[in-house]
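Chains as they are written, first to last, in the numbering used here: chain A, 2 to 148; chain B, 64 to 203. Ideal placement from N, C-alpha and C gives every residue a C-beta, glycine not left out.
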Amino acid sequence: MIPIEGKMPPRHHSMIVPASVSGVRQVESELTAFAKSNGLPTGAIWRVQVALDEVLSNVVRHGSAAGTVGSIGVDLDLDGPRMEIVVTDDAPAFNPLEAPAPDTSVRLEERPLGGLGIPLIRALVDEVRYERRDGRNRLTLWKTLAD
Amino acid sequence: MNGGTAETASPSGRRSQTEARRGTCRSEKTGATASGWSRQWAVDSTTSGELEQRLLAQVGSGERCVVVDMAGIEYISSAGLRVFLRLARKLKDAGGTLALYAMGEPVRQVFELAGFLPLFAIEASRELAIARLEEKRSSR
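And the structure:
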């Protein structure tokens, strides 16, 4: 997309949403709008959309298991073709990256329904890191977007 | 991308159940069920429930030969993968068969990354998908 009259689209976008399905929907639509206004390649942005859905649905599930509906913060940052996505939440400390990978060698009947999300995140983005900071979970994803 | 309007093309449930008993899924008449989508949508944690309802309703209504048109699915997350896993198991338990067709590249890649490609019959077109069901049934 060509910026009109030198007005550059924002390279940064922050949002805070409830840790619920409607919150996840809001992040999705704001990410789509952000990608569109920055002309990000659709052949690559779906990877971020899928990875983010995995992260957010984990937070919602984990938070509701702990009996809280907290908030989720999502920060999107573009540095050239590299996108940084920071997701923070106020649920109890939980590092999703420590979850064991599911056994994908088994047949249909035995294939586990859970545990698919984390391997997908790892495969779809370049790098992912977890930290517990200021009483919040903080997951950072990096992805270089190329068609 | 929210919601996603799904439309189901004339599932002739009772007729194809009869055909299934006779051991065939073939022909437009007996009609394997096609689930098509009128516009692009994402199957993720916010929409997978809708997909599941639509697909499992067909199994519930007696459909045993199911082909699913994947063309309208822009991308899919693990929530969507679980729907297809549950559908395949449910059909298998009921003695039915499933094939997917016209899968877009992002969807195919997610199936691949999750190790799902060997679990499903995936074809390029509806005709090939129906032929594949036929093959699966006759090889039993």
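Within the 9 Å Cβ cut-off, does L195 of chain B reach chain A?
-> Taking the second sequence and counting its residues from 1, one reaches residue 195 of chain B at position 132. In the sequence on display, residue 195 of chain B carries Arg and not Leu. Interface criterion not met: the Cβ of R195 of chain B is under 9 Å from no Cβ in chain A.
Under 9 Å between the Cβ atoms of V88 of chain A and V61 of chain A?
-> As a position in the first sequence, residue 88 of chain A is number 87, starting the count at 1. As a position in the first sequence, residue 61 of chain A is number 60, starting the count at 1. Here V88 of chain A is not near V61 of chain A, since their CB atoms are 9 Å or more apart.
Compare the C-beta of E137 of chain B against all C-beta atoms of chain A and say whether one is closer than 9 Å.
-> By 1-based counting over the second sequence, the position of residue 137 of chain B is 74. For E137 of chain B, the nearest beta carbon of chain A is closer than 9 Å to its own beta carbon.
Of the residues that make up the region 139-151 of chain B, which ones have a beta carbon closer than 7 Å to any beta carbon in chain A?
-> Cβ contacts with chain A come from S140, S141, A142, L144, R145, L148, A151.
Anticipated Cβ contact below 8 Å, L121 of chain A with V173 of chain B, distance rounded | To locate residue 121 of chain A, count along the first sequence from 1; it is residue 120. To locate residue 173 of chain B, count along the second sequence from 1; it is residue 110. Between V173 of chain B and L121 of chain A the Cβ distance is about 7 Å, and since that is below 8 Å, they are a contact.
Range of the contiguous beta strand (DSSP E) that encloses A52 of chain A = Taking the first residue of the first sequence as 1, we reach residue 52 of chain A at position 51. Per DSSP, A52 of chain A belongs to no beta strand (DSSP E); it is in the alpha helix (DSSP H), 43-66.
Report yes or no: is there a C-beta of chain A within less than 9 Å of the C-beta of E108 of chain B?
-> The count along the second sequence starts at 1 and reaches residue 108 of chain B at position 45. Here residue 108 of chain B turns out to be Ser, not Glu, going by the sequence shown. For S108 of chain B, at least one C-beta of chain A is nearer than 9 Å to its own C-beta.
Name the residue from A:A92, A:G118, A:D90 whose alpha carbon lies nearest to the alpha carbon of P101 of chain A.
-> Counted from its first residue, the first sequence places residue 101 of chain A at position 100. When C-alpha distances from P101 of chain A are compared across A:A92, A:G118, A:D90, the shortest belongs to A:G118.
Whole beta strand (DSSP E) elements within the region 128-160 of chain B, 3-residue minimum = Qualifying beta strand (DSSP E) stretches, in chain order: 128-132, 136-139.
L161 of chain B and A177 of chain B look like a contact to me (Cβ under 8 Å); what is the Cβ gap, rounded to whole Å?
-> For the purposes of this step, residue 161 of chain B is identified with residue 98 of the second sequence, where counting begins at 1. For the purposes of this step, residue 177 of chain B is identified with residue 114 of the second sequence, where counting begins at 1. 17 Å between Cβ atoms; not a contact.
Neighbour list for G178 of chain B in chain A, Cβ cutoff strictly below 7 Å | Here residue 178 of chain B is taken as the residue at index 115 of the second sequence, counted from 1. The answer, in chain order, is T105.
Rounded C-alpha distance that separates G67 of chain B from V25 of chain A = As a position in the second sequence, residue 67 of chain B is number 4, starting the count at 1. As a position in the first sequence, residue 25 of chain A is number 24, starting the count at 1. Since pLDDT at G67 of chain B reaches only 33, below the 50 mark, its modelled position is unreliable, and the value read off the structure follows with that caveat. About 15 Å.
Which residues DSSP lists as bridging I17 of chain A, in chain order = On the first sequence, position 16 is the one that residue 17 of chain A refers to. Answer is A:G74.
Any residues in the region 156-190 of chain B with a beta carbon nearer than 7 Å to a beta carbon of chain A? Which ones, in chain order?
-> So the list reads P169, V173, L176, A177, G178, L182, given in the order they occur along the chain.
Under three-state DSSP, which class holds V126 of chain A?
-> Start at 1 with the first residue of the first sequence, and residue 126 of chain A comes out as number 125. Secondary structure of V126 of chain A (DSSP, three-state): coil.
Can you check whether the CB of L196 of chain B is closer than 9 Å to the CB of L109 of chain A?
-> The residue labelled residue 109 of chain A in the question sits at position 108 within the first sequence. The residue labelled residue 196 of chain B in the question sits at position 133 within the second sequence. The answer is no: Cβ separation not under 9 Å.
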